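Asker: For the sequence shown, the residue numbers in mature numbering (1 follows the signal peptide of the UniProt record, and there is no 0) are -20 to -1, 1 to 282.
Structure below; questions to follow.
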Amino acid sequence: MKWLLWKAFTSLILFFGAREMFNFCFLSQAYVDSSVIMGQTGQFQTRVEKYENIEYMKCTPENGFFPDLSTVSPTNIIFFCSPNNPTGFAASREQLTKLVQFAKDNGSIIVYDSAYALYMSDDNPRSIFEIPGAKEVAIETSSYSKYAGFTGVRLGWTVVPKELLFSDGFPVAKDFNRIVCTSFNGASNIAQAGGLACLSPDGLKAMQEVVGFYRENTNIIMETFNSLGFKVYGGKNAPYVWVHFPGQSSWDVFGEILEKTHVVTTPGSGFGPGGEGFIRVSAFGHRNDVLEACQRFKQFCK
């Protein structure tokens, strides 16, 4: 599969899914003086619900779900997902340009997760590499999990541009490749054969049909919560609906919905302190299950 794509990307690495790539990113930056924006470092601070050495980029309705970079401390790694899980928002070209410039100004490396790019319905960038200069500061990863149901099969890819260098001029791709080759024996031939099939004309058409189906599920969920008077975000560019329950604990809302409707949602605070007061509702499911869940939501809110 790699050889099919090598002309487009000179530094392409295949993985059994995108999740494992993040572990390698941690390893490639694992020095004493490194800091990261997302991770679990230091002691947990109960009052503010964060680990002491983490910089959370707060994304809320007030800032359009894009962080105020002037308030973010310089870090070695910036993890950024667009379209975003859980909020469902996609960063604009102007916003990503600011993010790339921020990384350049501070010597940071962006690890860009584009797992939901195929779900986008507007003209925002599908890839960080659409932004001029991004190859000098960014790594991008994605997978087939959300496009083709490869969640159990496991297949993903990561692009580490040759232009991306450490501060001493050494290519990041060389260190990254060394770690991968030491820790990973490669994605299975079966998974790669499936990945190649997805890239065929019939495969691309089938993936678009899958995405279209989940978009319809998303619309059903959005319409349900809108009809119940909730403030709802996302849904347009990702298969997630971000529902606001102002003044309430995310975990309390999650627990009450689970107890009274037997529907599983995700408490927003599980994604970080900025998610408090929200729940995430996923559109990944059979149509009948989504319709049944929405009917139960309506009964719950009577």
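Backbone N, C-alpha and C fix where the C-beta goes; we use that ideal spot for every residue, glycine too.
Small disclaimer: the values here were computed from a predicted structure and weren't measured.
For ASN268, which of helix, strand or coil comes out of DSSP?
Answerer: Helix.
Asker: Candidates LYS154, PRO219 and GLU196: which alpha carbon is nearest THR162's?
Answerer: Ranking the options by Cα distance to THR162, first place goes to LYS154.
Asker: Please report the residue range of the alpha helix (DSSP H) in which GLU74 lies.
Answerer: Run containing GLU74: 73 to 86, per the alpha helix (DSSP H) assignment.
Asker: On the DSSP bridge list, what partners appear for ASP93?
Answerer: BP columns for ASP93 point to CYS61 and THR121.
Asker: By how many angstroms is the C-alpha of GLU42 removed from the C-alpha of ASN169?
Answerer: The straight-line gap from Cα to Cα measures roughly 46 Å.
Asker: Under three-state DSSP, which class holds ILE108?
Answerer: The answer is helix: DSSP assigns ILE108 an H, G or I state.
Asker: Is the beta carbon of LEU98 sitting closer than 9 Å to the one on MET187?
Answerer: Yes, the pair counts as a contact, with Cβ atoms nearer than the cut-off.
Asker: Three or more beta-carbon pairs under 8 Å between the segment 233 to 251 and the segment 272 to 281, yes or no?
Answerer: Segments in contact, yes.
Asker: With a cut-off of 8 Å on the beta carbons, I'd call LYS84 and VAL117 a contact; round off their distance for me.
Answerer: Indeed, because the Cβ distance is near 6 Å, the residues count as touching under 8 Å.
Asker: From the DSSP output, in three-state form, read off GLY19 for me.
Answerer: No answer about GLY19 holds up, because its pLDDT of 46 lies below 50 and its placement is not dependable.
Asker: TYR213 lies in the beta strand (DSSP E); which residues open and close that run?
Answerer: Here the beta strand (DSSP E) through TYR213 covers 211 to 214.
Asker: In whole angstroms, what separates the C-alpha of GLU32 from that of GLY250?
Answerer: Spanning the two alpha carbons is a distance of roughly 17 Å.
Asker: Just grab the DSSP bridge partners of THR246 for me.
Answerer: Paired residue(s): ARG260.
Asker: Just to confirm, is the Cβ distance from TYR127 to VAL221 under 9 Å?
Answerer: Contact flag unset, no.
Asker: For TRP231 and VAL223, I'd like the C-alpha separation in whole angstroms.
Answerer: So the two alpha carbons sit approximately 13 Å from each other.
Asker: Enumerated in chain order, which unbroken segments of the beta strand (DSSP E) with a length of 3 residues or greater are wholly contained in the segment 132 to 194?
Answerer: Whole beta strand (DSSP E) segments, 3+ residues: 136 to 139.
Asker: Counting along the chain, where does the alpha helix (DSSP H) carrying VAL233 start and finish?
Answerer: Counting along the chain, the alpha helix (DSSP H) containing VAL233 begins and ends at 230 to 241.
Asker: Near ASN86, which residues of its chain fall below 8 Å by C-beta distance, leaving aside the five closest residues on each side in sequence?
Answerer: Here the set comprises PRO54 and THR55.
Asker: Given this structure, state the Cα-to-Cα distance separating TYR96 from GLY265, to the nearest angstrom.
Answerer: Their Cα atoms are separated by approximately 16 Å.
Asker: Between the C-alpha atoms of GLN75 and ILE108, what's the straight-line distance to the nearest angstrom?
Answerer: Cα to Cα, the separation comes out at about 11 Å.
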